[in-house]
Amino acid sequence: MGKIVPIMLVAISAALWGIIAVFIRKLADLGFTSMEIVTMRVVSAAILLLLIGVINDKEQMKIRLSDTKYFFGTGVLSIVLFNWCYFTSINQMSLSFAVILLYTAPAFVVVLSFLFLKENMDRMKILSVLGTLAGCVLIAGVGVFDTTSISLVGIITGLGAGFGYALYTIFGKFALRKYSPFTVTFYTFLVASIALLPFTDLWKKLSSLVSGEVLFYGIGLGLFPTVLAYLLYTKGLEKMESSKAAIIATVEPVVATLLSVFLYNEGFGLLQMIGSLFILFSVILINVPTLSFRKNNTKKVTIQ
Numbered sequence: 000m001g002k003i004v005p006i007m008l009v010a011i012s013a014a015l016w017g018i019i020a021v022f023i024r025k026l027a028d029l030g031f032t033s034m035e036i037v038t039m040r041v042v043s044a045a046i047l048l049l050l051i052g053v054i055n056d057k058e059q060m061k062i063r064l065s066d067t068k069y070f071f072g073t074g075v076l077s078i079v080l081f082n083w084c085y086f087t088s089i090n091q092m093s094l095s096f097a098v099i100l101l102y103t104a105p106a107f108v109v110v111l112s113f114l115f116l117k118e119n120m121d122r123m124k125i126l127s128v129l130g131t132l133a134g135c136v137l138i139a140g141v142g143v144f145d146t147t148s149i150s151l152v153g154i155i156t157g158l159g160a161g162f163g164y165a166l167y168t169i170f171g172k173f174a175l176r177k178y179s180p181f182t183v184t185f186y187t188f189l190v191a192s193i194a195l196l197p198f199t200d201l202w203k204k205l206s207s208l209v210s211g212e213v214l215f216y217g218i219g220l221g222l223f224p225t226v227l228a229y230l231l232y233t234k235g236l237e238k239m240e241s242s243k244a245a246i247i248a249t250v251e252p253v254v255a256t257l258l259s260v261f262l263y264n265e266g267f268g269l270l271q272m273i274g275s276l277f278i279l280f281s282v283i284l285i286n287v288p289t290l291s292f293r294k295n296n297t298k299k300v301t302i303q
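Here it is as structure tokens:
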């Protein structure tokens, strides 16, 4: 049971990330730009986490000044960099290709975990990364093969988005050696808010922000695919390898695709179905215990 819980926490967090389109599309329809929505997301998350911390446990909000480097990593190098690169990439090429480049994140995590966290890089992990990447390509559909819209800037920023996305897992793992999942999540969004606010004119839309519909979707964006998702992911990350967590989190595009089918009547063909199965199979593969099989295999060889 102890091994299943972290897997479930990461999978649920990925599912919550998968519903983000509901909030983003509505806020975009209400007149907000992509970076304004990102700023709304991190600021509302920071405020919600601050309230939880003040009410629940103020001790969890204390950190050493020297440890702000971890939260600069999760907040600025991950959250801010990943969003800026992703939106730039989308503006430079097709959305489907930008999504594929974003989901190079598990590959970055596997390599970075090997280099900095001393996690092993075995065949199962490599196969799972390749499987999730193939699954994402299939889910994105034929648009990903449209080379006419590909640009060098788009490729660089797309890979930057995947790299930034991966950095939360790496810096988060270091921060979790000293702090609770709540502390890591709170300071991630506090630092991200401080970094983003000066570069948006969101304050000029203050009258719109306090209107009922914007407030409802803004708080929803900060709560469900942000606060809850990151708290659950960080809690799961605390008890498992970074590389495994990153691969399990690729359940997100599967949930997003299914949501688009049921809520927005978007297409879901054979390629999307195969791609979803690729991802789910890869997630199962990375979590299949192989130790007992290897032991049995070793015993057989010894007897012979």
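Take 0 as the starting number for the sequence shown in numbering that gives the first Met the number 0 and just add one per residue.
Think of the CB as a built atom: it goes at the ideal place given N, C-alpha and C, for glycine as much as any other residue.
How long is the line joining the alpha carbons of residue i and residue j, rounded to whole angstroms?
{"i": "Ala104", "j": "Gly163", "result": "8 angstroms"}
{"i": "Leu205", "j": "Ile218", "result": "15 angstroms"}
{"i": "Ile285", "j": "Gly159", "result": "25 angstroms"}
{"i": "Leu208", "j": "Leu201", "result": "9 angstroms"}
{"i": "Asp121", "j": "Phe113", "result": "10 angstroms"}
{"i": "Val287", "j": "Leu137", "result": "24 angstroms"}
{"i": "Ala255", "j": "Ala248", "result": "12 angstroms"}
{"i": "Thr73", "j": "Leu8", "result": "19 angstroms"}
{"i": "Lys25", "j": "Phe86", "result": "17 angstroms"}
{"i": "Leu195", "j": "Val79", "result": "7 angstroms"}
{"i": "Ala139", "j": "Ile54", "result": "43 angstroms"}
{"i": "Leu49", "j": "Phe173", "result": "22 angstroms"}
{"i": "Ile6", "j": "Val75", "result": "27 angstroms"}
{"i": "Thr184", "j": "Val190", "result": "10 angstroms"}
{"i": "Leu126", "j": "Leu257", "result": "25 angstroms"}
{"i": "Lys57", "j": "Leu230", "result": "17 angstroms"}
{"i": "Arg63", "j": "Gly52", "result": "17 angstroms"}
{"i": "Ser77", "j": "Thr225", "result": "14 angstroms"}
{"i": "Ile36", "j": "Pro252", "result": "20 angstroms"}
{"i": "Lys61", "j": "Ala133", "result": "42 angstroms"}
{"i": "Val42", "j": "Phe22", "result": "15 angstroms"}
{"i": "Lys177", "j": "Leu276", "result": "37 angstroms"}
{"i": "Phe267", "j": "Met123", "result": "29 angstroms"}
Are there 16 or more other CB atoms within 10 angstroms of the CB of residue i, so buried, or fewer, so exposed?
{"i": "Pro197", "result": "exposed"}
{"i": "Phe261", "result": "exposed"}
{"i": "Lys234", "result": "buried"}
{"i": "Thr131", "result": "buried"}
{"i": "Val152", "result": "exposed"}
{"i": "Leu175", "result": "buried"}
{"i": "Phe188", "result": "buried"}
{"i": "Ile283", "result": "exposed"}
{"i": "Tyr102", "result": "buried"}
{"i": "Asn82", "result": "buried"}
{"i": "Ser65", "result": "exposed"}
{"i": "Leu290", "result": "For Leu290, the pLDDT reaches just 40, beneath the cut-off of 50, and the residue's location in the model is therefore unreliable, leaving the point undetermined."}
{"i": "Tyr263", "result": "exposed"}
{"i": "Glu212", "result": "exposed"}
{"i": "Phe115", "result": "exposed"}
I'd like to know if residue i contacts chain C, where contact means its C-beta is closer than 8 angstroms to some C-beta of that chain.
{"i": "Gly157", "result": "In the displayed structure, chain C is absent; only one protein chain is listed."}
Smallest Cα separation from residue i: which of the options?
{"i": "Cys109", "options": "Leu76, Ala165 and Leu175", "result": "The amino acid at residue 109 is misidentified as Cys; the sequence shows Val. The shortest C-alpha separation from Val109 is found at Ala165."}
{"i": "Ala244", "options": "Glu251, Val250 and Leu236", "result": "Leu236"}
{"i": "Val4", "options": "Met272, Ser242, Ile246 and Tyr232", "result": "Tyr232"}
{"i": "Ala10", "options": "Gly266, Met272 and Leu227", "result": "Leu227"}
{"i": "Tyr69", "options": "Glu240, Ile169, Ser127 and Val21", "result": "Ile169"}
{"i": "Thr67", "options": "Ile273, Ala106 and Thr182", "result": "Thr182"}
{"i": "Cys84", "options": "Tyr263, Ser33 and Gln271", "result": "Ser33"}
{"i": "Gly221", "options": "Gly1, Asp28 and Trp16", "result": "Trp16"}
{"i": "Ile155", "options": "Leu111, Val128, Leu214 and Ser88", "result": "Ser88"}
{"i": "Leu100", "options": "Cys135, Ile36 and Asp28", "result": "Cys135"}
{"i": "Gln91", "options": "Gly211, Ser241, Gly157 and Lys117", "result": "Gly157"}
{"i": "Thr38", "options": "Ala13, Ser192 and Phe107", "result": "Ser192"}
{"i": "Phe31", "options": "Leu116, Tyr178 and Thr199", "result": "Thr199"}
{"i": "Ile149", "options": "Phe277, Arg40 and Val98", "result": "Val98"}
{"i": "Ala44", "options": "Ile278, Gly1 and Tyr216", "result": "Tyr216"}
- Item | Start-end ranges of the alpha helix (DSSP H) lying completely within the region 197 to 227, minimum 4 residues | 205 to 208 and 211 to 221
- Starting from the N-terminal side, write out each stretch of the alpha helix (DSSP H) that is 4 residues or longer and does not extend beyond the region 75 to 149. Runs of the alpha helix (DSSP H) lying entirely within the region 75 to 149, each at least 4 residues long, are 80 to 91, 94 to 101, 104 to 115 and 122 to 139 in chain order.
- Let me know the beta strand (DSSP E) ranges lying completely inside the region 245 to 280, each 3 residues or longer, listed in chain order. none
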